[in-house]
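Under this note's numbering, residues 925 to 1314 are what the sequence shown spells out, in order.
Report on one structure; see the data block that follows.
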Amino acid sequence: MRVGLKRILRAGLVCLLLGLLPASGQTGEQQKPLLAEDVFKNIQVLRGIPVNQFMEAMGFFSAALGYNCTNCHGTEVLGNWEKYANDTPVKRTARRMVVVVNTINQSLFAGREAVTCYTCHRGSPTPKVVPSLLEQYSEPPADDPNEVEISPRAPATPTADDILDRYIQALGGAQRLAGLTSFVGKGRYEGFDSYHGKVALEVYAKNTGQRTVIVHTQNGDSITAYDGRNAWIMGPDKPVSVLQLVPGGDMDGVKLDADLAFPGGLKQALTELRAGFPTTTIDDREVQVVQAMAGASHVKLFFDKQTGLLTRVVRYSKTIVGPVPTQIDYSGYREVAGVKLPFQWRLTWTDGQSMFSLDDLQPNVAIDPEKFAKPVALGTPVVAPAKVAP
925 MRVGLKRILR
935 AGLVCLLLGL
945 LPASGQTGEQ
955 QKPLLAEDVF
965 KNIQVLRGIP
975 VNQFMEAMGF
985 FSAALGYNCT
995 NCHGTEVLGN
1005 WEKYANDTPV
1015 KRTARRMVVV
1025 VNTINQSLFA
1035 GREAVTCYTC
1045 HRGSPTPKVV
1055 PSLLEQYSEP
1065 PADDPNEVEI
1075 SPRAPATPTA
1085 DDILDRYIQA
1095 LGGAQRLAGL
1105 TSFVGKGRYE
1115 GFDSYHGKVA
1125 LEVYAKNTGQ
1135 RTVIVHTQNG
1145 DSITAYDGRN
1155 AWIMGPDKPV
1165 SVLQLVPGGD
1175 MDGVKLDADL
1185 AFPGGLKQAL
1195 TELRAGFPTT
1205 TIDDREVQVV
1215 QAMAGASHVK
1225 LFFDKQTGLL
1235 TRVVRYSKTI
1245 VGPVPTQIDY
1255 SGYREVAGVK
1265 LPFQWRLTWT
1275 DGQSMFSLDD
1285 LQPNVAIDPE
1295 KFAKPVALGT
1305 PVVAPAKVAP
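Pasting the structure below:
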């Protein structure tokens, strides 16, 4: 999202808030996923997919074209929910292009997602058709470490197990990790849904695979809760009051976050572990990369070569329009109960970027089981004024 980044981030919450139809949340026992056409009006091409995947598809379009909500839907949507269902020339073009891309992949690549919107657009509304001499004869841009792939000539060591074992030792060792059974963290959050202002943050986690994050935004609480089996998201910027996640990228991500909170069992939580990546760097520091599967989602884990600590995790969610990356960068490690834990993490995805910072973390405390249960739906939120940069 190189084009209009500030505008995209500041507009994100308002666009989601005003573009969603009111609907009731799913119950914990509901098996049938809530589909896009159950919640949104005038869905023509992206039908039959879960609501959260529909929103990821919107983020994919945003990243591919450098757009925000108003670029496609028009400025009239700010303050008017119903306007989001109206057709616009850009929306009609987008529908045609989704059909074109699907036809190419079905006809030429046996249905594999070899071509997506991003293949041609690369963050620009208009794909380039003329070669750029400046690009051709300038220094190439720095490599994106997220795009590094396993080398066929990679050395046999270190293996994925070697890298993960070193990570466990860097945190304090398996015995100390086993002694950490729970923690409660308090701190600050800053992101598009807080209008980039700092608001209160709470994190609750248990080594039984449970984790809940609560952000107290100006418009109401934003909550992601995982009880070890079911996960829910709630907030003023969500498509329904309380949305239960279905199996897939978002659910895999919530579970992975819970596993990384107590990484002693990380080897058991991940499958298809692989190493053998060429040397790459993040913030001018060399990192070692492990590729794995977290549920049905591909993930890459980046470990600082010098310290052995986890620096970054990138996971890829499958959507109807292409894979969507979600990146978390970890920093600010401090020792708590003999274990090093990250006190800061930055979440980056196609709809924006958020910063989580803990000021205090209490280990091995009793946590009310209700903290991990399905959140109670919000009342009618009080929406703060829109902050869309010119």
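The beta carbon of each residue, even a glycine, is placed where N, CA and C say it ideally should be.
Please read these numbers as outputs of a predicted model, since none were measured by experiment.
For residue i and residue j, which I take to be in contact (beta-carbon distance under 8 angstroms), what is that distance rounded to the nearest angstrom?
| i | j | result |
| --- | --- | --- |
| N1029 | R1036 | 6 angstroms |
| K898 | E1210 | A query on residue 898 cannot be resolved here, the shown segment of the chain reaching from 925 to 1314 and no further. |
| R1135 | S1281 | The pair is not a contact, with the Cβ atoms about 17 angstroms apart (cut-off 8 angstroms). |
| D1097 | G1047 | It should be pointed out that residue 1097 corresponds to Gly in this sequence rather than to Asp. The Cβ separation is near 44 angstroms, so there is no contact. |
| P1287 | F1107 | 5 angstroms |
| L1072 | P1202 | Looking at the sequence itself, residue 1072 is Val, so the reference to Leu does not match. Indeed they touch by this definition, with Cβ atoms about 6 angstroms apart. |
| V1166 | F984 | Actually they are not in contact, since the Cβ atoms of V1166 and F984 sit about 24 angstroms apart, beyond 8 angstroms. |
| A1124 | H1140 | 4 angstroms |
| Y1091 | G1232 | 5 angstroms |
| T1272 | D1067 | With 8 angstroms as the limit, T1272 and D1067 do not qualify as a contact, their Cβ atoms being about 17 angstroms apart. |
In angstroms, rounded to a whole number, what distance separates the CA positions of residue i and residue j?
| i | j | result |
| --- | --- | --- |
| Y1325 | L1234 | The first residue shown for the chain is 925 and the last is 1314, placing residue 1325 beyond what the model contains. |
| D1089 | G1262 | 17 angstroms |
| K1295 | G1159 | 16 angstroms |
| V1248 | V1164 | 22 angstroms |
| T1132 | A1193 | 12 angstroms |
| S948 | G998 | At S948 the pLDDT is 42, less than 50, meaning the model places this residue with poor confidence; the figure from the coordinates comes in the next sentence. Distance between the alpha carbons of S948 and G998: 27 angstroms. |
| A1094 | N1026 | 46 angstroms |
| I1087 | P974 | 36 angstroms |
| Y1042 | V1023 | 15 angstroms |
| A1216 | P1082 | 15 angstroms |
| S1221 | T1243 | 11 angstroms |
| R971 | V1127 | 35 angstroms |
| F1226 | P1049 | 32 angstroms |
| N966 | L958 | 16 angstroms |
| K1122 | A1080 | 46 angstroms |
| V1170 | P1055 | 43 angstroms |
| G1103 | V963 | 45 angstroms |
| N1070 | V1213 | 9 angstroms |
| V1289 | R1100 | 16 angstroms |
| G1219 | S1241 | 11 angstroms |
| K1162 | A1301 | 11 angstroms |
| T1148 | D1011 | 33 angstroms |
| A1084 | R1198 | 5 angstroms |
| Y1150 | W1156 | 7 angstroms |
| E1006 | K1015 | 15 angstroms |
| N1154 | P1299 | 12 angstroms |
| A987 | V1001 | 20 angstroms |
| G952 | S1062 | At G952, the pLDDT of 46 sits below 50, so the modelled position is not reliable and the matter cannot be decided from this model. |
| K1110 | S1146 | 15 angstroms |
| T1105 | V1223 | 25 angstroms |
| Y1257 | R1270 | 13 angstroms |
| P1076 | L1285 | 43 angstroms |
| P875 | A1018 | Given a span of 925 to 1314 for the chain in the structure shown, any question on residue 875 remains unanswerable. |
| D1174 | K1052 | 33 angstroms |
| D1208 | E980 | 31 angstroms |
| A1009 | G1172 | 27 angstroms |
| C1044 | A1297 | 43 angstroms |
| I1206 | M982 | 28 angstroms |
| K956 | N976 | 14 angstroms |
Which residues share a DSSP beta bridge with residue i?
| i | result |
| --- | --- |
| G1109 | V1127 and L1285 |
| T1050 | The partner list for T1050 (beta bridge, DSSP) is empty, contrary to what the question assumes. |
| R1135 | A1129 and Y1150 |
| R1209 | I1206 |
| V1214 | L1225 |
| T1141 | G1144 |
Determine the extent of the beta strand (DSSP E) in which residue i is found, giving its start and end residues.
| i | result |
| --- | --- |
| E1196 | T1195 to R1198 |
| F1227 | S1221 to D1228 |
| S986 | Careful: S986 lies outside any beta strand (DSSP E), inside the alpha helix (DSSP H) at V975 to L989. |
| Y1257 | V1248 to V1260 |
| A1155 | A1155 to M1158 |
Between residue i and chain C, is the shortest Cβ-Cβ distance under 8 angstroms, so that the two count as touching?
| i | result |
| --- | --- |
| Q1251 | Among the chains in the structure shown there is no chain C, since it carries only a single protein chain. |
Over what stretch of residues does the alpha helix (DSSP H) that includes residue i continue unbroken?
| i | result |
| --- | --- |
| K1315 | Here the chain has residues from 925 to 1314 only, and residue 1315 is not among them. |
| K1007 | Premise fails: K1007 is in no alpha helix (DSSP H) and is neither H nor E. |
| F1267 | Looking at the DSSP string, F1267 is not in any alpha helix (DSSP H); the run it does join, the beta strand (DSSP E), is V1263 to W1273. |
| Y1240 | Not the alpha helix (DSSP H): Y1240 falls in the beta strand (DSSP E), residues L1234 to S1241. |
| L1101 | A1098 to G1103 |
| V1001 | From DSSP, V1001 is part of no alpha helix (DSSP H); its letter is neither H nor E. |
| Q1168 | Not the alpha helix (DSSP H): Q1168 falls in the beta strand (DSSP E), residues V1166 to Q1168. |
| I1074 | Careful: I1074 lies outside any alpha helix (DSSP H) and carries neither H nor E. |
| A1084 | A1084 to L1095 |
| A960 | A960 to V963 |
| Q1060 | L1057 to Y1061 |
| T1043 | C1041 to H1045 |
Does the ligand FMN have a heavy atom nearer than 7 angstroms to the CB of residue i?
| i | result |
| --- | --- |
| D1086 | By its list of ligands, the structure shown contains no ligand whatsoever, and the ligand FMN lies outside what it can speak to. |
At least 3 beta-carbon pairs within less than 8 angstroms: the region 1178-1197 vs the region 987-1000: no
Stretch pair the region 1187-1201 + the region 1236-1245: three plus CB contacts closer than 8 angstroms: no
Touching by the beta-carbon criterion (3+ pairs, under 8 angstroms), the region 1264-1283 and the region 1115-1132: yes
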